[in-house]
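So in this note's numbering, spot 274 of the sequence shown is number 1107, and the numbers just go up one at a time. Data first, discussion second: the structure below is written as structure tokens.
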Amino acid sequence: MRFSGFESLLDRAKSKGRAKVAVAVAADKEVLEAIKIAEKEGLITPILVGDGEQIKRLAHEIGLSLKKAELIDESLPEVAAHKAVDAVVNGQAHFLMKGQINSSDFLRAVLRPVRGLRTGRLLSHFAAFQVPGFSRLLFVTDGGMNIAPNLAQKKEILDNGLLYLKGIGMDLVNVIVLAANEVANAKMPATMDAQALAEMSRAGEFPGAIVEGPLALDGAVSAAALKHKGIASQINGDVDLLLVPTIEVGNVLGKSMVYFAGATMAGIVLGAQVPIVMTSRNDTPRSKFMALSMAALSRGS
Ligand code: COD
């Protein structure tokens, strides 16, 4: 099973019923617009944590009714992030969403040692892209949380991504571990890690997935490119999930798809007690709404 685009993902998410989402620092027009769409689609009921007056003013401006929403008035962003995490820990919310707050401050509240959302697993960022002209959703990890993961962390990042994709119904996942070329070279650590992960895959470490690497982006998405380069690949350009070597590679790859190719992106954090919607401040309301759908879909799986 594969997702042809966000609409197919949304259809499945809607079938799960409404979830309660705690939004950390919710006084943001785009965030509230995404909440408005998600509420209308029957996906969520919000708990909005942030500056109460601003939230009410923005909600009024965009025509979002707050009748069914819960409002927690807190004007300090860091404190609001902690109160939103509290709502999840106390069982009031099924998952969490980042609003108008710096990613690192938000993640520190998630990772707080006491009453945080840790599970003992590595938390990692996981993004989906709908790229015009590409036949299916393309997933990328980790372009948003772990800065320069080592091999063991890359394995955990991959495990998180595969657990998510299997949980939402994908039974076979094609993974390419990206590097700048296809030859393992000690001077390029990304190629060595990619080779090691591909070896783990051949040894059966990633059931339900084929993991290949090192491979450059062209060979990951194009059978013709592989043919020209004379590279054998079982995946043969049919990749579902790209594992990137560093946060910068993932961030630049994602923003390139959005700004050069007109892609829509949705991002969440995996590995915590609940899925966490972590979109970028420049993301459109549709992109933030799709991230809510991604989180809602994985709830309980
Ligand atoms: N998973 C689980 N625990 C973690 C993780 C993780 N990914 N990262 C840190 N921890 C734990 C550590 O084990 C430790 O107990 C505690 O958290 C603090 O660890 P530090 O000192 O390494 O963490 P910080 O606070 O300096 O940084 C953690 C961040 C997640 C904030 C940091 O990695 C970060 O800023 N990442 C980039 C986020 C970002 O800017 N993204 C931009 C795109 S939106």
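Backbone N, C-alpha and C define an ideal beta-carbon position, used for all residues, glycine too.
Beta carbon of residue i nearer than 9 Å to that of residue j
i, j, result
"residue 895", "residue 866", "yes"
"residue 837", "residue 970", "yes"
"residue 778", "residue 961", "Since the first and last residues shown for the chain are 834 and 1134, residue 778 lies out of range."
"residue 855", "residue 920", "yes"
"residue 1047", "residue 1017", "yes"
"residue 1129", "residue 868", "no"
"residue 990", "residue 881", "no"
"residue 1113", "residue 936", "yes"
"residue 1064", "residue 1009", "no"
"residue 1034", "residue 871", "no"
"residue 1100", "residue 1107", "no"
"residue 1155", "residue 891", "In this structure the chain extends from 834 to 1134, so residue 1155 is not present and cannot be described."
"residue 1043", "residue 998", "no"
"residue 933", "residue 885", "no"
"residue 1131", "residue 1000", "yes"
"residue 1014", "residue 1049", "yes"
"residue 1074", "residue 1041", "no"
"residue 912", "residue 948", "no"
"residue 983", "residue 1045", "no"
Inter-residue Cα distance where the pair is residue i and residue j
i, j, result
"residue 1052", "residue 1030", "17 Å"
"residue 993", "residue 973", "12 Å"
"residue 1096", "residue 1115", "14 Å"
"residue 847", "residue 975", "26 Å"
"residue 1024", "residue 1092", "27 Å"
"residue 1083", "residue 950", "24 Å"
"residue 858", "residue 914", "7 Å"
"residue 926", "residue 979", "25 Å"
"residue 860", "residue 1011", "37 Å"
"residue 1080", "residue 988", "15 Å"
"residue 893", "residue 899", "9 Å"
"residue 981", "residue 1102", "16 Å"
"residue 904", "residue 888", "9 Å"
"residue 910", "residue 940", "12 Å"
"residue 1071", "residue 906", "48 Å"
"residue 953", "residue 944", "10 Å"
"residue 965", "residue 1027", "28 Å"
"residue 1039", "residue 917", "34 Å"
"residue 1098", "residue 963", "7 Å"
"residue 1066", "residue 958", "27 Å"
"residue 852", "residue 928", "8 Å"
"residue 1054", "residue 1062", "13 Å"
"residue 1104", "residue 1037", "22 Å"
"residue 1078", "residue 1086", "11 Å"
"residue 908", "residue 844", "35 Å"
"residue 850", "residue 977", "28 Å"
"residue 942", "residue 1118", "24 Å"
"residue 897", "residue 1002", "33 Å"
"residue 1060", "residue 1094", "24 Å"
"residue 864", "residue 839", "18 Å"
"residue 946", "residue 924", "18 Å"
"residue 938", "residue 1058", "41 Å"
"residue 879", "residue 956", "24 Å"
"residue 1032", "residue 1021", "17 Å"
The ligand ADP heavy atom lying under 8 Å from the CB of residue i
i, result
"residue 958", "For the ligand ADP, the structure offers nothing, since it holds only the ligand COD."
DSSP beta-bridge partners of residue i
i, result
"residue 1139", "Nothing about residue 1139 can be read from this structure; the chain reaches only from 834 to 1134."
"residue 868", "Note: residue 868 sits in no beta bridge, so no partner."
"residue 879", "854"
"residue 971", "962"
"residue 1097", "963"
"residue 1076", "974 and 1010"
"residue 1110", "930 and 1101"
Test: residue i CB closer than 9 Å to a CB of chain B
i, result
"residue 973", "No chain B appears in this structure, which consists of one protein chain only."
Which complete beta strand (DSSP E) runs does the region 991 to 1048 hold, if anything under 3 residues is left out?
1006 to 1011 and 1042 to 1048
Any chance you could list the beta strand (DSSP E) runs of at least 3 consecutive residues sitting entirely within the region 898 to 945, in chain order?
903 to 906 and 928 to 931
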